[in-house]
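Reviewing the structure listed below.
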Amino acid sequence: MELQLESLKYQDLAVQSVVKLFEGTEKNTFDNACFEGIRSNFSKLTRDEIETNIKNILTENGINEVVAKLSNDKDICVEMETGTGKTLVYVKTIYELFKHHGFTKFIILVPSVAIRQNIIGTFKSFDKQLESIYGFKPNAFEYDSKKLQKVTQFIEDQHPQVMIMTLASFNSEDKILNQAQREDLFNNIPFIEAIGKCNPIIIMDEPQEGMDTENSIKQIAKLNPLFKIRYSATHKVVKNLLYRLTPYDSYKDGLVKKIEVLTVTEKNDEATLKIELSDIQFGKGDPKVKLKAWHLNNSTNKIEFKVTGWLNQNDNLGIKTNNPSYLNYTISNINKSLKTGKWTVKFSNGTEILEKQIAGSLENIWALQIEWLIHRHFTKSQKLESKGIKCLSLVFIDRVSNYMGETPIIKNLFVDKYKAIYPDYNEGRLPTNEHIQSIQGYYFAQKASGEFADNEGGVKEQSKIYELILKGKEELLTLSNPVQFVFSHSALGVGWDNPNVFNIATLNNSYSEIKKRQEIGRGLRICVNQEGKRVYDALDVSDEERINQLTVIPNETYETFVTQYQEEIKSVYGTENAGAGMTHTHKGVPADEVKFKRNPSVEMDKAFRKYWMALARKTEYTISFNEDDLITQASELISKITIPDFVIEASSFLINAITEDGKEDSFQGSENIKQKSFFTPLDLIEELSENTGVSWKNRSN
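Residues in the sequence shown are numbered consecutively from 11, following my numbering.
What follows is the structure, given as structure tokens:
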């Protein structure tokens, strides 16, 4: 299959916004842009002329100059929401800049191996189609310090050159490009200096990822760029913002998939005594921690699972939470492991709490996440395959051993659930073991020893795993390829941009630290059919007929997921209304409480004053009762108490439409599955004793 290039107005607008920046410049040719054997980019536009061009572009694109943050720096920003084709936009921009202005030298600067491999994949996917449109193909290559002849070609060649490199390639003086004492220098000058004579246009992909540090700015300046063009969905540094496509715009205009968030969380688990390590403070003095635990509120008589204040060694959790069930939990040690680098809190009763560890029955939660993932997969596959669209489901895990180890719990859960659910969608037939094996694909980074890597740094820097993902990207889209469920390490998320990912589940041992826009972005792209063409939904399509819908199954509550997403949007745009907002209207919300204050200017009459003085006297009472009768009556009332089941609840919310005035979603339904507690249960007899003073014998009776 070959992905088909298409002309999209919003992408063309982003491309032309950059091309128009250089309007009025003399077109570069061999005669005016070649000196001392070096082909360079040049422009004689003055600062005033460039500023005029920028202001004209802002007017055309409806961007306020204050929002654009006009600057005299040779920087411009293009902001595009994840999933809308940012990489393809700047690839097409390179073609257009050569076509209109003759610029030949481009450097694409990336923060990671994953993004670098993705760019190379984009060039390979569309090079033939772009060549048929423009009549040329640029020499796009990955910088390799062992292949300096390619750098020499970049410097000398008259043909458009695109060098794709990470910041780490030249961010210190000892890097090969910076070395001045080498036998293979270019014209007796360091390569970095020779590249600088080319005045390359530098395309910065995700510049917020370390490209604006003091050292990075210094090193990039050595490249002597004609201009720097910043591309991101989440700019931290904004200079001359020429084009902006927000999450709101992309969602409203149907440029990305609609989103369903299906959460799996525990309910009625107050008796589990679960504890989580929420925060650590260390440095000066002894370390402190904040724990998440069940707090008892005496005024409301309600119990809430929330974060404590800062706790020290020897603090008692029962006292700090006002919950007598934790009185046996005194902090004995707060320590950071030298092996894992993770913090641990130990209690005097032997309990240990690990940093970022989820409190609860992980196996039960994972099982339900997998169950819903498979149900959603089958439901969508039946609708999509008739339209020639392959449905892919992506499962992210943070421990490879959970899928590939001696006891692959996640793989086993998947097989069991798939076997149980398959007949419901296949006329009662059972799947063969060969079929179950064939539908699973996995991408995990391996060390030289053959072991699989869990360390995030080790995973992200392995280019082989990204090559594998990208090489198989188009093949995975074909219906003839049996793989439908893909298992991958959560650290590999950036490399995944397959348009036919319709379901994503995160099955981590700890709460996901991945930014929600990134987590959603992995499956936001509009899907393609067997001809490689994008298939769009009409803006007024019904829920039943909608094709492009992404289901995200995170390992946290809907409220937590939404709150984090909105905070990310707010940090970028100053308002959460710019995002694909997710709010839920709860029915039967009680009216606001109204408080009354006594007016001291109003005098009390004599009758009331006399009554009040009698009522306000200190009074002592002696009460006597028959203990046997009390026990009988208490036992009758206690027997009527019903304790709600400890359950895992699966809830679904569909984000319908968003407006500039607010955001809407719709509750799609929920189901509860009864669970057994694997935590220390409450000792109700002991708590009765603490609060009533009734003897143990009578309590137990």
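Backbone N, C-alpha and C fix where the C-beta goes; we use that ideal spot for every residue, glycine too.
When the Cα of leucine 265 is compared with those of Ile557, Gly542 and Gln392, which residue comes out closest? Ile557
Over the uninterrupted beta strand (DSSP E) stretch that includes serine 498, give me the two end residues. Where serine 498 is concerned, the enclosing beta strand (DSSP E) stretches over 495 to 499.
Given that a residue counts as buried once 16 or more other Cβ atoms are within 10 Å of its Cβ, and exposed if not, what is isoleucine 329? exposed
Closer than 6 Å by C-beta to lysine 356: which residues in its own chain qualify, once you throw out the five before and the five after it? Chain order, please. Ser342, Asn343 and Glu362
Report the rounded CA-to-CA distance for valine 77 versus proline 217, giving the unit in angstroms. 18 Å
C-beta atoms of histidine 110 and valine 28 nearer than 8 Å: It is not a contact, given that the beta carbons lie outside the stated cut-off.
Express the C-alpha separation of alanine 204 and proline 210 in angstroms, rounding to a whole number. 11 Å
Tell me which residue opens and which closes the alpha helix (DSSP H) that alanine 515 is part of. It is not in any alpha helix (DSSP H) - alanine 515 instead sits in the beta strand (DSSP E) that spans 511 to 517.
Looking at leucine 255 and arginine 71, is the spacing between their C-beta atoms short of 8 Å? It should be pointed out that residue 71 corresponds to asparagine in this sequence rather than to arginine. No, these two residues do not count as a Cβ contact at 8 Å.
The beta strand (DSSP E) enclosing lysine 346, as first and last residue numbers: From DSSP, the beta strand (DSSP E) with lysine 346 extends over 341 to 346.
Thinking just about the alpha-carbon of each residue, which of Gln127, Leu23 and Val410 is nearest to the one in threonine 103? Leu23
Report the three-state DSSP secondary structure of leucine 23 (helix, strand or coil). helix
On a CA-only basis, which of Asn74, Gln171, Ser135 and Val120 is nearest arginine 49? Give me that one, please. Gln171
Could you tell me whether the stretch 401 to 416 touches the stretch 541 to 550, using the rule of 3 or more Cβ pairs below 8 Å? Contact fails: fewer than three Cβ-Cβ distances are below 8 Å.
Among Ile384, Asn412 and Asn66, which residue has its Cα nearest to the Cα of cysteine 401? Ile384
Looking at glutamate 286: is its Cβ nearer than 8 Å to the Cβ of leucine 306? no
Could you give the distance in angstroms between the alpha-carbon of methionine 713 and the alpha-carbon of leucine 560? Lying outside 11 to 711, the shown extent of the chain, residue 713 is not represented and no answer is given.
Length of the line joining the Cα atoms of arginine 409 and tryptophan 376: Looking at the two C-alpha atoms, the distance is approximately 13 Å.
Could you please give me the residues that DSSP links to tyrosine 452 through a beta bridge? Answer by DSSP bridge pairing, in chain order: Phe497.
Is tyrosine 153 helix, strand or coil when you go by DSSP? coil
How many whole angstroms separate the CB atoms of serine 53 and threonine 35, which I take to be in contact at a CB cut-off of 8 Å? 4 Å
Under 8 Å between the Cβ atoms of methionine 11 and threonine 318? no
Measuring straight from C-alpha to C-alpha, what distance separates lysine 228 and asparagine 250? 20 Å
Alpha-carbon to alpha-carbon, isoleucine 269 and aspartate 184: 47 Å
Is leucine 195 helix, strand or coil by DSSP? coil
Using the Cα positions of asparagine 508 and valine 538, report the straight-line distance between them to the nearest angstrom. 10 Å
Looking at glycine 93 and leucine 394, is the spacing between their C-beta atoms short of 8 Å? no
Return the CA-CA distance between leucine 98 and alanine 190, expressed in angstroms with no decimal places. Spanning the two alpha carbons is a distance of roughly 36 Å.
Counting C-beta neighbours from all protein chains within 10 Å, is the total for proline 492 16 or more, i.e. buried, or is it exposed? exposed
Return the chain-ordered list of same chain residues with a C-beta closer than 6 Å to the C-beta of phenylalanine 237, the five sequence neighbours on each side being excluded. Lys84 and Ile211
Using a threshold of 8 Å, state whether the C-beta atoms of glutamine 14 and glutamate 555 are closer than that. In this structure, glutamate 555 does not lie closer than 8 Å to glutamine 14 by Cβ.
Please name the residue, chosen from Tyr339, Leu348 and Asn128, that lies closest to glycine 360 on a Cα-to-Cα basis. By alpha-carbon distance to glycine 360, the top candidate from Tyr339, Leu348 and Asn128 is Tyr339.
Under a CB-based cut-off of 8 Å, is aspartate 184 close to chain B? Judged by its chain identifiers, the structure shown contains no chain B, having just a single protein chain.
With DSSP as the reference, identify every bridge partner of asparagine 326, one or two as the case may be. Thr340
Whether isoleucine 563 touches glutamine 379 by CB criterion (8 Å): yes
Taking leucine 68 as the reference, which of Glu437, Ile86, Tyr452 and Asn333 has the closest Cα? Comparing Cα positions, the closest option is Ile86.
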